[in-house]
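Colleague: Numbering (the working numbering), first residue to last: -4 to 127.
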Amino acid sequence: MGHEEKTKPEGETSRVIARVMRWQLSLAAAGAPAWWAARDGLHALAFAVGAAAAITSFWMLERLTAAMGGPTSGAGLAASGLRLVLIGGALFVIITNYKLPVVPLGSGVLVTVAAITIEGIRELFYARTLDH
């Protein structure tokens, strides 16, 4: 007898992606006021810029991987890759021109990592109920 690998149905994967997006938005919505309270408006702005870049990057990467899995042209994949490069360039310009504080900006960029971690832990806690 062979070992069968269990994979999530495509609908469940899209639900996980949607939950990660909600976690990101929730963390961004909570983080900016927290930075404002801890420091000032410039730190809150830096966090918001980092979080916006991370959320946009995650969304575009999700679109890129969805395009790779479905019928698409090479031009569509190239355009998705170019968008990610443009986000990186815009973030570089924002950092160098506006002299935003690096720590809140970096914590904003880590919003996606935190959201994925929270969703992974959530999945682990509910794995027993989902895996009958």
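Beta carbons are placed, not taken as given, at the ideal position from N, Cα and C, and that holds for glycine.
What first and last residue would you give for the alpha helix (DSSP H) that runs through PRO96?
Modeller: Taken as a continuous stretch (DSSP letters only), PRO96 belongs to no alpha helix (DSSP H), as it is neither H nor E.
Colleague: If we call anything under 8 Å between Cβ atoms a contact, is ILE113 one with TRP18?
Modeller: yes
Colleague: Quick check: what's the CA-CA separation for ILE50 versus THR107?
Modeller: 7 Å
Colleague: Per DSSP, what kind of secondary structure is LEU86 in: helix, strand or coil?
Modeller: helix
Colleague: Give the single residue among THR8, ALA122 and TYR121 whose Cα lies nearest to the Cα of GLY144.
Modeller: Limits of the chain in this structure are -4 at one end and 127 at the other, which puts residue 144 out of reach.
Colleague: Which value, in whole angstroms, describes the spacing of the CA atoms of LEU119 and ARG10?
Modeller: 15 Å
Colleague: Pick helix, strand or coil for ARG34, following the three-state DSSP scheme.
Modeller: The DSSP-derived three-state label of ARG34 is coil.
Colleague: Just the C-alpha distance for TRP30 and ALA110, rounded to the nearest angstrom, thanks.
Modeller: 18 Å
Colleague: Measure from the alpha carbon of MET55 to the alpha carbon of each residue in TYR121, LEU77, LEU20 and ALA39, then state which is nearest.
Modeller: LEU77
Colleague: Spatial neighbours of ILE12 within its chain, please: CB distance less than 8 Å, with the 5 preceding and 5 following residues excluded, ordered by chain position.
Modeller: Cβ neighbours of ILE12 beyond the five flanking positions: GLU57.
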